[in-house]
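Trainee:
In the working numbering, the protein residues as written are 44 to 166.
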């Protein structure tokens with residue numbers, strides 16, 4: 044991971060990207076909005092708050108129109124999750140790797156089952 048990778052993840056953004064909805068810490072961005080099961084999805088993975096990662100993912104979904112943009116949003120979410128986890132846990136801490144496995148599972152669920160949310164957000 045290069046230094047540029049770390050600086051690209053600086054939240055909050057110094058300048059909010061055009062068209063993005065501002066971040067609200069009181070809101071939970073994990074899971075699709077207005078779905079009954081969203082309240083059961085945690086914004087934390089082993090104590091690491093990933094709410095800003097999911098906020099950015101939601102904004103990318105909302106502005107995306109193509110399958111390529113959906114794939115980019117999902118991959119960026121995966122990358123951002125890993126950066127946040129790496130910042131929270133040192134390479135020597137076994138919890139880092141457990142958290143990364145849990146984040147990988149969440150990425151797969153979002154990328155496999157997120158088409159409906161993508162279609163709803165981008166319409």
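For glycine and all other residues, C-beta sits at the position ideal for the given N, C-alpha and C.
By Cβ distance, which residues of its chain are closer than 6 Å to residue 48, with the 5 residues on each side in sequence left out?
Mentor: On the chain shown, residue 48 is found 5 positions in, with the first residue counted as 1. Below a pLDDT of 50, predicted positions are generally treated as unreliable, and residue 48, at 41, falls in that range; no measurement from the model is reported.
Trainee: Note down, in chain order, each residue of its chain lying with its Cβ closer than 8 Å to the Cβ of residue 117, except the 5 sequence neighbours on either side.
Mentor: Translated into the one-based positions of the chain shown, residue 117 becomes position 74. Contacts found: 100, 150, 153, 154 and 157.
Trainee: Check whether the stretch 94 to 108 and the stretch 59 to 66 touch, using three or more Cβ-Cβ pairs below 8 Å as the test.
Mentor: Result yes; three or more Cβ-Cβ pairs closer than 8 Å.
Trainee: Quick one: what's got a C-beta closer than 6 Å to residue 160's C-beta in the same chain, skipping five residues either side?
Mentor: Within the chain shown, numbered from 1, the residue matching residue 160 stands at position 117. Excluding residues within five positions, the ones whose Cβ falls inside 6 Å are 75.
Trainee: Going along the chain, which residues of its own chain have a beta-carbon closer than 7 Å to the beta-carbon of residue 132, five neighbours each way excluded?
Mentor: As a first step, residue 132 is located in the chain shown; it is residue number 89 there, counting from the start. Excluding sequence neighbours, residue 132 sits near 138, 139 and 142.
Trainee: Identify the continuous alpha helix (DSSP H) that holds residue 137 and give its terminal residues.
Mentor: As a working mapping, residue 137 is identified with position 94 in the chain shown. Element bounds for residue 137: 137 to 156.
Trainee: Provide the residue span of the alpha helix (DSSP H) that contains residue 122, from first to last.
Mentor: What you label residue 122 is simply residue 79 of the chain shown in a count that begins at 1. Run containing residue 122: 110 to 131, per the alpha helix (DSSP H) assignment.
Trainee: Can you tell me where the alpha helix (DSSP H) with residue 95 in it begins and where it stops?
Mentor: Reading the chain shown from its first residue, position 52 is the one you call residue 95. Note, residue 95: alpha helix (DSSP H), 94 to 106.
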